[in-house]
Amino acid sequence: VKELRNRARDVLLTQAIASEESLDQSMPADDLLLLEGMSPDLALALARHGVRTREDLAEQSIDELNDIEGLAPEEAGKLIMTARAPWFAPSH
């Protein structure tokens, strides 16, 4: 019985850790939240689709963001270009 309880406890602990890690992966990073034109709701929607950082957004195309509810193609394009701006900034 003791062994069974230990195994059950281990399974519950593993599930709790996996759940916490999953939650962290669905949260937007600060650099995405601080992006000009970004709202908290949109950042959460993007994060749920795997776009968690500014760099993640910069690597997207408008077509790849079509599934984001409430995000018009024009707005998606502007946000993508804003996210890509550091790519084109002169190095110091």
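All letters in the sequence shown, in the order written, are residues 173 to 264 by our numbering.
Don't be surprised by glycine CBs; every beta carbon is placed ideally from N, CA and C.
Note that this is a predicted model, so its numbers are computed, not measured.
Going by the beta-carbon positions, is the gap between residue i and residue j smaller than 8 Å?
i, j, result
"ARG226", "SER198", "no"
"VAL223", "LEU216", "no"
"LEU218", "PRO245", "no"
"PRO212", "LEU206", "no"
Put residue i into one of helix, strand or coil per three-state DSSP.
i, result
"PRO262", "coil"
"PRO245", "helix"
"LEU207", "coil"
"ASP235", "helix"
"PRO200", "coil"
"VAL183", "helix"
"ILE151", "Examination of residue 151 is not possible in this model, given that the chain is present from 173 through 264 alone."
"THR321", "No answer is possible for residue 321: the residues shown for the chain start at 173 and end at 264."
Out of curiosity, what's the CA-to-CA distance linking residue i and residue j?
i, j, result
"ILE240", "GLU175", "47 Å"
"LEU268", "ALA261", "Any property of residue 268 remains undetermined from this structure, which presents the chain solely from 173 to 264."
"ALA248", "ARG181", "45 Å"
"MET210", "VAL183", "39 Å"
"LEU214", "ALA188", "27 Å"
"GLN232", "SER263", "23 Å"
"ILE234", "THR186", "38 Å"
"ASP203", "THR254", "12 Å"
Is any heavy atom in the ligand MN found nearer than 7 Å to the beta carbon of residue i?
i, result
"ASP182", "For the ligand MN, the structure offers nothing, since it holds no ligand at all."
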